[in-house]
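**Q** Protein chains in written order, with the numbering used here: chain A, 4 to 277; chain B, 110 to 427.
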Amino acid sequence: MNPILIKEMRTRIRGKLAFFVLTAYVFVLSTVILFYFLGTMGAPPSVFNQAGFWLTFVLMLVQMGLICLVAPTFSASAISSERRRETFDLLIASPARPSTIVVGKVGAALCYLLVILLGSMPVVALAYSLGGVALRDLAITYLLMLVACIAFCSISFLWSCLIRSSVMAIVTSLVTIFFLVFALPLLGLAFMGLSVNFGGGRPSQTVVNVVFLMLRINPFASISYLLVPGIPKPQGLWLSGIPFWVSQVIFYLMLTALSLFLSIKRLKRVRNWL
Amino acid sequence: MSENEQTKTSMIKLENVTKSYKNFRAVDNMTLDIGRGEVFGFIGPNGAGKTTTIKMLATLMLPDQGRMSIGGYDVIEQPHEVRQMIGYMPDSFGVYEDLLVWEYLDYFAALYKIGPTERKRAIGDVLELTDLGVKRDSQVMSLSRGMKQRLCLAKTLIHDPEVLLLDEPASGLDPHARIEIRELIRELCRMGKTVLVSSHILSELADFSTVIGIIEAGRLLAAGRMDDIMARFTSNVMLEITVKGDPQAALGVLAERTDITRTTFDGRTIRAEYSGPPDDVDELLEYLVRREVRLLGFTRTETDLEDIFLKVTRGVVA
Chain A
4 MNPILIKEMR TRIRGKLAFF VLTAYVFVLS TVILFYFLGT MGAPPSVFNQ AGFWLTFVLM
64 LVQMGLICLV APTFSASAIS SERRRETFDL LIASPARPST IVVGKVGAAL CYLLVILLGS
124 MPVVALAYSL GGVALRDLAI TYLLMLVACI AFCSISFLWS CLIRSSVMAI VTSLVTIFFL
184 VFALPLLGLA FMGLSVNFGG GRPSQTVVNV VFLMLRINPF ASISYLLVPG IPKPQGLWLS
244 GIPFWVSQVI FYLMLTALSL FLSIKRLKRV RNWL
Chain B
110 MSENEQTKTS MIKLENVTKS YKNFRAVDNM TLDIGRGEVF GFIGPNGAGK TTTIKMLATL
170 MLPDQGRMSI GGYDVIEQPH EVRQMIGYMP DSFGVYEDLL VWEYLDYFAA LYKIGPTERK
230 RAIGDVLELT DLGVKRDSQV MSLSRGMKQR LCLAKTLIHD PEVLLLDEPA SGLDPHARIE
290 IRELIRELCR MGKTVLVSSH ILSELADFST VIGIIEAGRL LAAGRMDDIM ARFTSNVMLE
350 ITVKGDPQAA LGVLAERTDI TRTTFDGRTI RAEYSGPPDD VDELLEYLVR REVRLLGFTR
410 TETDLEDIFL KVTRGVVA
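Here is the structure:
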């Protein structure tokens with residue numbers, strides 16, 4: 004087994020941050036359930052009947068949002084923290100290959116995120132047991148979250164290789180992920196708005212296609228299209244035969260491969276930047 | 110000696126190595142050859158280029174020009190092979206505070222691809238060698254500075270490397286811990302390791318180095334076997350003169366003489382280099398008495414590494 008992965012897991016789990024993040028994560032999800040029940044107390048049965056569906060949906064969106072925040076925190080300081088602790092020279096002077104370092108560091112961050120996802124399961128199970136969501140869709144949603152974790156950890160690790168300061172690496176990773184997840188679809192919608200204004204009340208088909216391509220690579224849109232039935236989609240879209248979640252998984256895996264490739268390349272040239 | 114024989118005995122080799130940081134030349138055209146089993150004491154003031162040289166040998170930096178090899182492997186072209194051969198201890202290093210001592214060593218042993226069974230034995234061996242056996246299950250953060258230094262040395266030895274690169278291994282330690290580290294390095298010398306050890310504390314190196322190199326401002330000013338260097342630079346007589354009261358008066362008297370080429374003092378003891386005929390030292394003693402210097406001691410001593418260092422270097426720090 005990868006020694007860096009084992010070491011990282013040992014040090015991570017023993018740290019206060021890991022305990023705090025896991026507790027806070029489960030607490031936030033539990034709070035969502037609590038507020039939902041408090042809010043729907045005394046509501047008509049028709050509202051309560053849909054509690055399972057809405058709760059599961061909201062919990063999944065909240066979880067995806069938390070992943071966007073947590074993944075960079077754990078991965079973006081992987082290399083910079085070694086440099087801050089003055090252990091990086093010892094690691095580089097050992098025969099560990101760049102690929103071993105990447106797998107160990109990204110794998111450890113990922114393992115911790117898996118622990119968090121597993122920790123959320125009892126809370127999600129509570130909502131799921133109320134009914135309204137198919138098990139298959141729930142499983143796919145977890146797959147989407149897992150792939151998002153892998154992609155975000157890989158992107159953050161790349162920044163960790165590129166930026167010396169841990170704080171700057173974390174901030175840059177957060178900005179990158181926020182751009183990818185929130186800014187891109189917002190930009191798309193803004194373009195669509197402009198297209199409506201200048202196109203005599205109807206956006207051009209190309210603009211609609213580009214906007215929906217951007218939505219296809221957005222995890223929140225993918226979860227929404229997967230869990231919420233009946234969200235309208237315009238006719239004649241590019242890749243219309245492929246479900247949103249499939250294109251999102253493929254895009255994020257491509258991003259992962261690119262980030263890891265660049266990280267390995269950067270670590271191979273470590274003697275030029277020490 | 111044929112080229113083949115030279116390759117066989119030569120363990121660390123630098124040929125015209127140069128390294129600059131922007132406008133500052135840290136290592137300047139250095140050529141060096143250290144044989145198998147030698148203990149090379151790398152002497153120089155802070156900022157002389159010792160750490161840069163060691164970092165380049167440890168495959169952490171690339172030289173701007175020149176060639177380097179360890180055990181026949183090219184440091185620039187074959188870093189992976191070199192890393193298997195060397196044990197590197199940096200001058201300033203961190204440890205993973207959250208790990209236990211055995212976990213820390215287990216981590217590095219695994220990085221060197223030592224199997225689980227062999228790893229247990231290797232950990233036991235290095236803990237015994239560094240006298241950390243009782244701390245096996247302690248957390249690294251609970252160790253004292255000296256113990257952490259020994260732990261780092263234990264990590265350096267975990268894969269039984271043929272070549273050790275030790276950069277100021279005793280820096281920042283109290284006298285007791287310094288002695289412990291010195292004893293450890295002596296033990297490594299007995300084990301037949303090729304060691305390159307740097308320090309600016311000369312008495313430390315004089316104890317166990319077989320070969321020394323004196324570096325200043327990135328340039329290797331002198332290198333060779335300890336005895337040869339001593340013989341090459343010892344032409345004058347060293348005297349230790351202990352005076353009663355203020356040594357400044359005595360220093361003034363000594364400064365008047367042309368056969369006193371250099372003086373240093375520590376408290377009331379003056380160390381003077383006398384370049385006159387060795388048999389006429391008594392004349393100097395008479396002179397001091399005549400000039401009413403109140404003497405408590407007047408001894409002829411051996412030239413030590415510190416004297417050689419002061420003679421070779423010009424006090425230039427890069």
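Even glycine gets a Cβ: it sits at the ideal position worked out from N, Cα and C.
Of all the residues that make up the segment 252-270 of chain A, which are near chain B by a beta-carbon distance shorter than 9 Å?
**A** Listed by position, the residues of the segment 252-270 of chain A near chain B (Cβ gap below 9 Å) amount to none.
**Q** Only counting runs of 4 or more residues, tell me where the alpha helix (DSSP H) segments fall wholly within the segment 138-197 of chain A, in order along the chain.
**A** The segment 138-197 of chain A contains these whole alpha helix (DSSP H) runs: 138-165, 169-181.
**Q** Which stretch, first to last residue, makes up the alpha helix (DSSP H) that contains T408(B)?
**A** Segment 404-410 is the beta strand (DSSP E) holding T408(B); no alpha helix (DSSP H) there.
**Q** Unbroken alpha helix (DSSP H) runs of length 4 or more, entirely within the segment 116-195 of chain B: which are they?
**A** Whole alpha helix (DSSP H) segments, 4+ residues: 159-166, 188-194.
**Q** How many angstroms separate the CA atom of S111(B) from the CA atom of G181(B)?
**A** At S111(B) the pLDDT is 43, less than 50, meaning the model places this residue with poor confidence; the figure from the coordinates comes in the next sentence. So the alpha carbons of these two residues sit roughly 15 Å apart.
**Q** Since I323(B) contacts A331(B) with CB under 8 Å, what's their CB separation in whole angstroms?
**A** I323(B) to A331(B), Cβ: 5 Å. Contact.
**Q** Looking at C-alpha atoms only, which residue of S307(B), P270(B), D283(B) is the closest neighbour of L297(B)?
**A** Checking every option, the nearest Cα to that of L297(B) belongs to P270(B).
**Q** Looking at the unbroken beta strand (DSSP E) that takes in L274(B), where does it start and where does it end?
**A** 272-276 is the span of the beta strand (DSSP E), which, as asked, contains L274(B).
**Q** Does chain E have any CB closer than 8 Å to the CB of Q258(B)?
**A** Among the protein chains in the structure shown, which are A and B, there is no chain E.
**Q** Who does T372(B) pair with in a DSSP beta bridge?
**A** T372(B) is bridged to A381(B).
**Q** For a test of the three-state rule: what should DSSP assign to R13(A), helix, strand or coil?
**A** Residue state, collapsed to three classes: helix.
**Q** Would a C-beta distance cut-off of 8 Å place G327(B) and R176(B) closer than the cut-off?
**A** It is not a contact, given that the beta carbons lie outside the stated cut-off.
**Q** Can you find a C-beta in chain A that's less than 8 Å from the C-beta of T168(B)?
**A** Yes, T168(B) counts as interfacial toward chain A.
**Q** Looking at chain A, is there any beta carbon in it that lies within less than 8 Å of the beta carbon of D207(B)?
**A** Taking Cβ atoms only, chain A reaches closer than 8 Å to D207(B), which makes this a yes.
**Q** Taking 8 Å as the CB-CB limit, is Y182(B) close to chain A?
**A** No, no contact with chain A.
**Q** Hey, S169(A) and R87(A) are a contact pair by Cβ (cut 8 Å); roughly how many whole angstroms apart?
**A** With 8 Å as the limit, S169(A) and R87(A) qualify as a contact, their Cβ atoms being about 6 Å apart.
**Q** Helix or strand or just coil, what does DSSP make of M198(B)?
**A** The answer is strand: DSSP assigns M198(B) an E or B state.
**Q** Within 8 Å of any Cβ in chain A, is that where the Cβ of Q115(B) sits?
**A** Because the pLDDT at Q115(B) is just 45, under 50, the model does not fix this residue reliably, and the value given afterwards should be weighed accordingly. Not closer than 8 Å to any Cβ of chain A, the Cβ of Q115(B) fails to qualify, so no.
**Q** Check whether chain A comes within 8 Å of G203(B), counting only Cβ atoms and requiring the distance to be less than that.
**A** It does: the Cβ of G203(B) has a partner Cβ on chain A nearer than 8 Å.
**Q** Would you call the CB atoms of F60(A) and L270(A) closer than 8 Å?
**A** No, they are not a contact pair.
**Q** Do you know offhand how far Y130(B)'s Cα is from T239(B)'s?
**A** For Y130(B) and T239(B), the distance between alpha carbons rounds to 36 Å.
**Q** Residues of chain A with CB under 7 Å from Y383(B), in chain order?
**A** Correct list: empty, because the minimum Cβ distance to chain A is about 46 Å.
**Q** Looking at the C-beta of K19(A), does it have a partner C-beta in chain B at a distance below 8 Å?
**A** For K19(A), the answer is no, since every Cβ of chain B falls outside 8 Å of its Cβ.
**Q** G301(B) and T351(B) - do their beta-carbons sit closer together than 8 Å?
**A** Against a cut-off of 8 Å, the Cβ pair of G301(B) and T351(B) comes out as no contact.
**Q** Any chance the segment 74-90 of chain A sits against the segment 169-184 of chain A, with 3 or more Cβ pairs inside 8 Å?
**A** Result yes; three or more Cβ-Cβ pairs closer than 8 Å.
**Q** Within 8 Å (strictly less), CB to CB, does R13(A) reach chain B?
**A** Chain B, which has a Cβ nearer than 8 Å to the Cβ of R13(A), makes this yes.
**Q** Between which two residues does the alpha helix (DSSP H) containing G134(A) stretch?
**A** Unbroken run through G134(A): none, as it is neither H nor E.
**Q** At a Cβ cut of 9 Å, what residues of the segment 212-232 of chain B count as close to chain A, listed as they run along the chain?
**A** Of all residues in the segment 212-232 of chain B, E212, Y213, D215, Y216, F217, A218, A219, L220, Y221, K222 have a Cβ within less than 9 Å of some Cβ in chain A.
**Q** Could you tell me the distance, in whole angstroms, from the CA atom of R272(A) to the CA atom of M12(A)?
**A** Approximately 26 Å between the Cα atoms of the pair.
**Q** Counting along the chain, where does the alpha helix (DSSP H) carrying R272(A) start and finish?
**A** Per DSSP, R272(A) belongs to no alpha helix (DSSP H) and is neither H nor E.
**Q** State buried or exposed for L20(A), treating a residue as buried only when at least 16 other CB atoms are found within 10 Å of its CB.
**A** Label assigned to L20(A): exposed.
**Q** For G107(A), which of helix, strand or coil comes out of DSSP?
**A** Helix at G107(A).
**Q** Just the chain B side, please: which residues come within less than 9 Å of K108(A) by C-beta, in chain order?
**A** Residues of chain B passing the Cβ test: none, with the nearest at roughly 13 Å.
**Q** I need the DSSP call for I288(B), collapsed to helix, strand or coil.
**A** The answer is helix: DSSP assigns I288(B) an H, G or I state.
**Q** Thinking C-beta only, is F418(B) closer than 8 Å to L311(B)?
**A** Against a cut-off of 8 Å, the Cβ pair of F418(B) and L311(B) comes out as a contact.
**Q** Would you identify the three-state DSSP class for R328(B), choosing helix, strand or coil?
**A** Strand, per DSSP.
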